[in-house]
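Read through the structure below, which is laid out as structure tokens, and then see the notes.
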DNA sequence: ATATATAATTATGTATACAAAAAACTCAAA
DNA sequence: TTTGAGTTTTTTGTATACATAATTATATAT
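Protein chains in written order, with this note's numbering: chain F, 1 to 223; chain E, 1 to 223.
So, in structure tokens, the structure goes:
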């Protein structure tokens with residue numbers, strides 16, 4: 001059957017196009033922490049005027065991906081050891097909440113999605129596709145988030161995850177961690193399936209903590 | 001002793017002035033949910049051009065205080081029963097985290113600040129100053145947030161609180177609730193002082209739940 | 001060579017101009 | 001009175017202009 005959705009509203013303001021572009025550039029490391037975002041340069045590169053660039057920067061600023069100094073301009077935010085700690089402390093708490101809600105609310109369809117995701121993960125591992133692994137990993141957690149049915153929770157968790165996403169690219173290349181990552185996902189999946197909140201919470205917290213250790217290592221933070 | 005801080009940098013970009021102004025107008029109810037934010041009208045009223053207005057709106061948009069429809073414009077966000085539920089679900093979890101951290105980290109000075117705050121609350125009650133009560137109530141929680149030492153947590157909790165702040169103005173006028181509010185603050189304070197995490201958590205959750213009930217009543221949501 | 005003052009350049013802050021979409025209005029027809 | 005086509009007005013989206021602060025470059029004196 002054909003999908004006749006007359007996509008009347010495929011219009012996106014330039015500011016949002018720019019916002020998505022810049023955000024992606026930051027998350028993939030194309031724009032590095034500390035790098036200046038110069039309006040005219042970006043405007044030329046993207047072929048638009050300064051106006052949408054500025055509005056996009058305002059949003060990135062509020063999202064914490066960019067820091068702005070009045071009359072000096074914006075630069076890509078640089079996360080400190082303290083920031084990382086703060087983000088992870090909050091994230092631990094909200095991941096626990098998410099798992100708790102997931103155990104209550106997840107549907108059979110979503111459980112299937114998780115199972116499928118784990119299979120994709122195995123495939124990506126066998127083909128050693130790091131990018132694929134990374135996006136599958138993100139997808140696994142997305143399913144859990146979605147199953148909570150709490151839009152605000154999803155939004156905040158995505159934002160917190162985003163804060164460290166760019167620093168994760170390095171460690172995800174490290175094949176050593178793939179097996180551990182997959183084992184942890186399976187443990188989490190099993191616990192949710194059994195609706196075993198205690199086990200699920202323990203598993204997710206361990207999962208986050210391991211990520212924290214990896215990121216700290218890669219970033220050269222001690223402790 | 002004279003305070004010789006040559007406040008060289010008391011400069012604030014107009015966009016931030018506008019941002020604060022609009023935000024305040026929304027939180028105090030001067031701008032009501034559903035009300036349109038028309039750039040030219042606001043620009044004239046505030047005596048600036050559209051540019052800073054637009055940039056401020058972009059930030060309010062990301063903060064969730066305003067919703068924007070492309071080519072139609074922005075309006076003050078209207079919180080639904082579902083939104084309220086989502087916000088409170090997350091907030092409960094993070095308030096519990098905050099109290100937990102506070103029990104570990106709060107200093108004697110900050111405990112004193114809490115005690116002072118409770119005294120201010122009593123004073124405001126005796127003079128029946130509703131505005132005073134409201135700001136003292138906000139201040140009480142601010143002290144607890146601050147004691148966690150987690151900037152990200154503080155930021156998110158402030159944002160969550162903000163989402164319902166404007167709906168709280170009504171119920172704070174209701175003298176009935178003042179005594180309960182104060183009693184709850186005292187209970188929370190005592191528990192933190194004893195570093196009794198269990199009691200403190202229970203107290204803060206009850207406190208949030210009571211707020212939820214009040215807001216639901218005032219907003220005419222059932223359940 | 002270093003430091004300092006000054007001029008030239010560049011970037012941001014703000015206002016304004018113009019195009020195009022959306023909303024409001026007008027007025028004739030049912 | 002309501003409906004609807006066509007027109008006017010308003011509003012947003014985007015680009016650009018101009019002023020001023022920040023940075024860089026230049027030149028001069030020590």
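Beta carbons are placed, not taken as given, at the ideal position from N, Cα and C, and that holds for glycine.
Given the structure is predicted, the values throughout are model-derived calculations rather than measurements.
Per-residue contacts from residue i into chain E (C-beta, under 7 Å)
i: residue 93 of chain F; result: 93, 94 and 97
i: residue 86 of chain F; result: 150, 151, 152 and 153
Cutoff 8 Å: residue i Cβ touching any chain F Cβ
i: residue 150 of chain E; result: yes
i: residue 137 of chain E; result: no
i: residue 198 of chain E; result: no
i: residue 6 of chain E; result: In this prediction, residue 6 of chain E has a pLDDT of 43, which is less than 50 and means its spatial position is unreliable; what the coordinates show is noted afterwards. False, the Cβ-Cβ gap to chain F never drops below 8 Å.
i: residue 11 of chain E; result: yes
i: residue 161 of chain E; result: no
i: residue 52 of chain E; result: no
i: residue 122 of chain E; result: no
i: residue 112 of chain E; result: no
8 Å Cβ cutoff met for residue i and residue j
i: residue 163 of chain F; j: residue 87 of chain F; result: yes
i: residue 157 of chain F; j: residue 60 of chain F; result: no
i: residue 46 of chain F; j: residue 18 of chain F; result: yes
i: residue 197 of chain F; j: residue 111 of chain F; result: no
i: residue 214 of chain F; j: residue 171 of chain F; result: yes
i: residue 64 of chain F; j: residue 37 of chain F; result: no
i: residue 55 of chain F; j: residue 23 of chain F; result: no
i: residue 75 of chain F; j: residue 35 of chain F; result: yes
i: residue 114 of chain F; j: residue 154 of chain F; result: no
i: residue 96 of chain E; j: residue 186 of chain E; result: no
i: residue 26 of chain F; j: residue 167 of chain F; result: no
i: residue 225 of chain E; j: residue 150 of chain E; result: Since the first residue of chain E shown is 1 and the last is 223, residue 225 of chain E is not available in this structure.
i: residue 145 of chain E; j: residue 98 of chain E; result: yes
i: residue 91 of chain E; j: residue 188 of chain E; result: no
i: residue 136 of chain E; j: residue 120 of chain E; result: yes
i: residue 70 of chain F; j: residue 11 of chain E; result: yes
i: residue 125 of chain F; j: residue 182 of chain F; result: yes
i: residue 221 of chain E; j: residue 43 of chain E; result: no
i: residue 272 of chain F; j: residue 77 of chain F; result: Any question about residue 272 of chain F goes unanswered here, given that chain F covers just 1 to 223.
i: residue 100 of chain E; j: residue 201 of chain E; result: yes
i: residue 184 of chain F; j: residue 206 of chain F; result: yes
N- and C-terminal bounds of the beta strand (DSSP E) containing residue i
i: residue 73 of chain F; result: 73–76
CB contact below 8 Å: residue i versus chain E
i: residue 18 of chain F; result: no
i: residue 33 of chain F; result: no
i: residue 14 of chain F; result: no
Per-residue contacts from residue i into chain E (C-beta, under 8 Å)
i: residue 90 of chain F; result: 94, 97, 150, 152, 153 and 156
Proximal residues of chain E, C-beta to C-beta of residue i below 9 Å
i: residue 59 of chain F; result: 58, 59, 61 and 62
Chain-ordered chain F contacts of residue i [CB-CB under 7 Å]
i: residue 55 of chain E; result: 54, 55 and 58
Residue span of the alpha helix (DSSP H) that contains residue i, given as start and end
i: residue 150 of chain F; result: Here residue 150 of chain F belongs to no alpha helix (DSSP H), and DSSP marks it neither H nor E.
i: residue 87 of chain E; result: 81–105
i: residue 69 of chain F; result: Residue 69 of chain F -> not in any alpha helix (DSSP H); beta strand (DSSP E) instead, spanning 66–69.
i: residue 38 of chain E; result: Premise fails: residue 38 of chain E is in no alpha helix (DSSP H) and is neither H nor E.
i: residue 175 of chain E; result: No alpha helix (DSSP H) holds residue 175 of chain E; DSSP gives it neither H nor E.
i: residue 197 of chain E; result: 197–219
i: residue 52 of chain F; result: 50–63
i: residue 25 of chain F; result: 14–27
i: residue 108 of chain F; result: 108–126
The stretch 104–113 of chain F in contact with the stretch 102–118 of chain E per 3-pair CB rule at 8 Å: no
Using a Cβ distance threshold of 8 Å, determine whether the stretch 172–187 of chain F contacts the stretch 128–142 of chain F, with at least three qualifying pairs required. Between the stretch 172–187 of chain F and the stretch 128–142 of chain F there are three or more inter-stretch CB-CB distances shorter than 8 Å, so the stretches are counted as touching.
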